[in-house]
Amino acid sequence: MTTSRTRLAAAAGATALPLLALVIARLAWNGELPPVVAGHWSGTRPDRFSDTDTYFWIALTVCAAATAIAGVVAVRGGADAALWLPATVLVGWTVATAWIVSVAATIDAGSPEAATLGWWIGIPLLGIPWAIATFAVLPRRSQSAPHDPAPTLPIPLGPGERAAWTGYVHGRWAGVLALATALAAVASALMGALWLAVLFLVLALLGGAFTSVTVQIDRAGLSLSSWNVRWRRIPLDSVDEARVTEIVPLEWGGWGYRFTPRGTAVVIRAGEGVVVTRRDGRPFAVTVDDAAQGAALLNSLVTPRPAG
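Take the sequence shown: its letters are residues 1045 to 1352, numbered as in the numbering used here.
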């Protein structure tokens, strides 16, 4: 097994530790488990209570699911492992220790009503540095250059020659999300929850921005806009080259505006897209129709035909 595979397997295996801790705690406390524990906290005092067994089985299910997901990710060994494994570690640790802390605080106080968090609150928070450490030890997949050459125009552009390309991509899911959150905003306003209405309205606007995205390439670089409002630009002088690739949303962390260890991406749908490699080595990807034409023009703008 290579070093990279060993580190990947170790990171995935560590996700099982919260599940193991949860089961061990349950067995250790089996004779003194209270029937009810604090299920939710307001500051350091409980404000809601849960059946101990029900809470345990919910926590066990979540931790088992996190462990299973981590195992699948490790077996696949995809580029998205650095996104999924820290998340499964954080979720598993937080859920497992939440149950353990609630039971421990209840036993220590003698009743769920008298329980206080105290220093116990720091235990679930340890999941954050653990997730960061998991991300740090995971192997990084090298971005090897594709074998196919970067596309260019059949006839190179001459100095000062102008050219522009515009591509479009539409996202049905974003439209559905925008409509649903807009309706939620109206319902919240009618119920008097104005702050919630504002939140849903902002989400509706953000979702609406991805219903139709325009990608433009010209001598200014690559720009993205929605409703004629430009919201992202990659300057031409920062572009090294552009290539066409099939974009799989899960490899870029999902849909929408994604920030992942692999790079930054605007993923509206699965399928072809333009991947721009900037001069600092950072990639930027966007799904768009007729990506080859856009990439060819961008490469030709980056390396124009010499004068004479």
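Even for Gly, the Cβ is constructed at its ideal location relative to N, Cα and C.
Same chain, Cβ closer than 6 Å to residue i, five either side skipped, listed in chain order
i       : result
Ala1231 : none
Ala1309 : Trp1296, Arg1302 and Ala1329
Gln1260 : Thr1210 and Ser1267
Ser1256 : His1214
Arg1274 : Ser1267
Trp1299 : Pro1293 and Val1311
Ala1072 : none
Leu1118 : Note on identity: in this sequence residue 1118 is Ala, with Leu being the wrong assignment. For Ala1118, where only same-chain residues beyond five positions count, the Cβ hits under 6 Å are Leu1052, Ala1053 and Ala1056.
Ala1286 : Val1318, Val1320, Ala1339, Leu1342 and Asn1343
As assigned by DSSP and simplified to three states, the class of residue i
i       : result
Thr1289 : strand
Ala1340 : helix
Thr1347 : coil
Arg1216 : helix
Gly1166 : helix
Trp1239 : helix
Ser1359 : Beyond the ends of the chain as shown, which are 1045 and 1352, falls residue 1359; an answer cannot be given.
Cys1057 : Note on identity: in this sequence residue 1057 is Gly, with Cys being the wrong assignment. Helix.
Ser1256 : strand
Thr1225 : helix
Arg1049 : helix
Beta-carbon proximity of residue i to residue j, cut-off 8 Å
i       : j       : result
Leu1134 : Leu1052 : no
Ala1148 : Trp1164 : yes
Asp1284 : Thr1321 : yes
Gly1297 : Gly1211 : no
Thr1251 : Ala1218 : Checking the sequence, you will find Gly at residue 1251 rather than Thr. A contact, by the Cβ cut-off of 8 Å.
Val1081 : Thr1096 : yes
Ala1177 : Ala1114 : no
Ala1241 : Ala1222 : no
Pro1079 : Ile1151 : no
Ala1103 : Val1139 : yes
Thr1059 : Leu1129 : yes
Leu1335 : Val1318 : Note that residue 1335 corresponds to Ala in the displayed sequence, not to Leu. For Ala1335 and Val1318, yes; Cβs fall inside 8 Å.
Ala1225 : Phe1244 : This sequence places Thr at residue 1225; Ala is not what is there. Cβ distance < 8 Å, so Thr1225 and Phe1244 count as in contact.
Arg1323 : Ser1270 : no
Cutoff 7 Å; reference residue i; Cβ partners in own chain excluding five residues on either side
i       : result
Gly1307 : Arg1326, Pro1327, Phe1328 and Ala1329
Trp1174 : Val1133 and Trp1137
Val1292 : Ala1314
Asp1333 : Gly1211, Tyr1212 and Val1213
Leu1341 : Leu1197, Ala1207, Trp1209 and Ile1261
Arg1070 : Phe1100
Glu1290 : Gly1315 and Glu1316
Ala1153 : Ala1159 and Thr1160
Val1116 : none
Ala1110 : Thr1059, Thr1132, Val1135 and Gly1136
Ser1344 : Thr1196, Leu1197, Pro1200 and Leu1201
Val1127 : Residue identity differs from the one stated: residue 1127 is Leu in this sequence, not Val. Result list for Leu1127: Gly1297, Thr1304 and Pro1305, in chain order.
Residues bridged to residue i [DSSP beta-bridge criterion]
i       : result
Pro1279 : Gly1265
Arg1274 : Ser1269
Trp1209 : Ile1261
8 Å Cβ shell around residue i - same chain, five flanking residues per side excluded
i       : result
Asp1083 : Asp is not the amino acid found at residue 1083; the sequence shown has Gly there. Around Gly1083: Pro1090, Arg1092, Phe1093, Ser1094, Tyr1099 and Ser1146.
Thr1141 : Pro1062, Ala1065, Ile1167, Pro1168, Leu1170 and Gly1171
Ala1264 : Arg1277, Pro1279 and Leu1280
Leu1238 : Ser1232
beta-carbon residue i near the ligand SAM non-hydrogen atom, thresh 7 Å
i       : result
Leu1227 : By its list of ligands, the structure shown contains no ligand whatsoever, and the ligand SAM lies outside what it can speak to.
Item to complete: Please go through the stretch 1293-1338 and give each complete beta strand (DSSP E) segment of 3 or more residues, from N-terminal end onward.
Response: 1300-1304, 1307-1311, 1315-1322 and 1327-1331
Discussion item. Going residue by residue through the stretch 1066-1129, where are the continuous alpha helix (DSSP H) segments of at least 4 residues, counting only ones entirely within it?
Written reply: 1096-1120
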